[in-house]
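Visitor: Quick note on the UniProt record's numbering: the sequence shown kicks off at 1 and runs consecutively.
Quick reminder that beta carbons are idealized off the backbone N, C-alpha and C, glycines included.
I am attaching a structure below and will ask some questions about it afterwards.
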Amino acid sequence: MPASSVALRRLGIAGVCLASLALCCGLAWWQWERFSSASGTFQNLGYVLQWPLFGLFPAFMFWRIRKLRRRAAEADAQETVAETAVPEVPASRQRRAPAPQPPEDDELAAYNQYLRELNARDK
1 MPASSVALRR LGIAGVCLAS LALCCGLAWW QWERFSSASG TFQNLGYVLQ WPLFGLFPAF
61 MFWRIRKLRR RAAEADAQET VAETAVPEVP ASRQRRAPAP QPPEDDELAA YNQYLRELNA
121 RDK
């Protein structure tokens, strides 16, 4: 994406955030006027407090998305560094001679022969 396109996009987002804040502050003022009137209720006062928060929400979301994208970019950069890094070669180990196996007794030899025969029948 070209730099000018990114700048225009950010300017557009900032404009939408400011317009949202201005509109919601205007609605909060209108609710304050309603609360101050003879027919006003505490519900109107609640809206006075809520409208500015609604107006700030798009700016918060823009900030949050930028933060998450930066984290993802940093994680991708760390993964590429980890992939290009040369792994350490472990020190060579000395091979040990296999442990001597105990001799088979007659019963174990007969059982193993029986298993070999069953296996041959299945094939």
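Can you list, in chain order, the residues of its chain with a C-beta nearer than 7 Å to that of W32? Leave out the 5 residues immediately preceding and following it.
Guide: Same-chain partners within the cutoff: V48.
Visitor: Give the single residue among E117, W29, L56, F62 whose Cα lies nearest to the Cα of R9.
Guide: The residue with the shortest Cα to Cα distance from R9 is F62.
Visitor: For G26, count neighbouring Cβ atoms within 10 angstroms of its own Cβ and tell me buried if that reaches 16, exposed if not.
Guide: Classification for G26: exposed.
Visitor: By how many angstroms is the C-alpha of R95 removed from the C-alpha of E117?
Guide: About 36 Å.
Visitor: Quick check: what's the CA-CA separation for F42 versus S20?
Guide: When rounded, the distance between both Cα atoms is 24 Å.
Visitor: Am I right that F54 and C17 are in contact with their C-beta atoms under 8 Å? What's the rounded C-beta distance?
Guide: Actually they are not in contact, since the Cβ atoms of F54 and C17 sit about 12 Å apart, beyond 8 Å.
Visitor: State buried or exposed for W51, treating a residue as buried only when at least 16 other CB atoms are found within 10 Å of its CB.
Guide: Classification for W51: buried.
Visitor: Using only the alpha-carbon positions, how far apart do R69 and S37 sit?
Guide: Approximately 47 Å, taken between the alpha carbons.
Visitor: Work out the CA separation of V81 and V89 for me, nearest whole Å.
Guide: Near 18 Å, if we compare the C-alpha coordinates of V81 and V89.
Visitor: Consult DSSP for P58 and reduce its assignment to one of helix, strand or coil.
Guide: In this structure, P58 counts as helix in the three-state DSSP scheme.
Visitor: Would you mind giving the Cβ-Cβ distance between F57 and N44, rounded to the nearest angstrom? I have them listed as a contact below 8 Å.
Guide: About 21 Å separates the two Cβ atoms, so there is no contact after all.
Visitor: Taking only runs that begin and end inside the UniProt region "Disordered" (76–106), name each unbroken alpha helix (DSSP H) of 4 or more residues, in chain order.
Guide: Listed in chain order, there is nothing to give.
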